[in-house]
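In my numbering, the protein residues as written are 1 to 162.
Structure representation (structure tokens):
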């Protein structure tokens, strides 16, 4: 290559990299494997059969138990439903993911943190109460201030449905 063709060098390098990248994908092929005997003869489940089962476990399955056993819902004889531990953990982790956003957006937490930081600067202290201490005190004050609202939510929105 000559010094006058940096674009040509860049283009040839790019073509070489793309060729190496896509050549590795052409060799990755899956083997065809026969279906297991219990899946090949899979029986279908009708709506009447699912409705007549009391205390039975329903899962996202196609045939004879060939579903995802982690996503199951059990209907009890009294009509209540129990979910598998995997679904319960999924719901719990989802709620834990949204909890910080709800605390910041729906409460006075941000205002309390800002006021306490301004108060720290006004007293002439640079980092004496650390940010962790300020956030801890702000969380405590936020839940103290919001406790009447949380009690009303519990009484009017949650307890009637339990």
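Each residue gets a CB set at the ideal place from its N, CA and C atoms; glycine is no exception. Model, not experiment: these values are computed from the prediction.
- DSSP places residue 95 inside the alpha helix (DSSP H), whose first and last residues are 85-106.
- DSSP places residue 110 in no beta strand (DSSP E) but in the uninterrupted alpha helix (DSSP H) bounded by 109-122.
- Per DSSP, reduced to three states, the secondary structure at residue 78 is coil, with no helix or strand assignment.
- Annotation for residue 160: no residue places its beta carbon closer than 7 Å to its own, counting only its chain and skipping 5 residues before and after.
- Straight-line measurement puts the Cα of residue 91 at about 10 Å from the Cα of residue 97.
- In this structure, residue 109 keeps its C-beta atom at 8 Å or more from the C-beta atom of residue 115.
- In this structure, residue 134 places its C-beta atom within 8 Å of the C-beta atom of residue 113.
- By the 16-neighbour rule on beta-carbons within 10 angstroms, residue 142 is buried.
- C-alpha of residue 82 to C-alpha of residue 157: approximately 22 Å in a straight line.
- Annotation for residue 142: the continuous alpha helix (DSSP H) segment containing it runs 131-153.
- In terms of CA proximity to residue 107, 146 leads the group 120, 146 and 117.
- Rounded to whole angstroms, the gap between the alpha carbons of residue 153 and residue 18 is 58 Å.
- The Cβ-Cβ distance between residue 84 and residue 72 falls below 8 Å.
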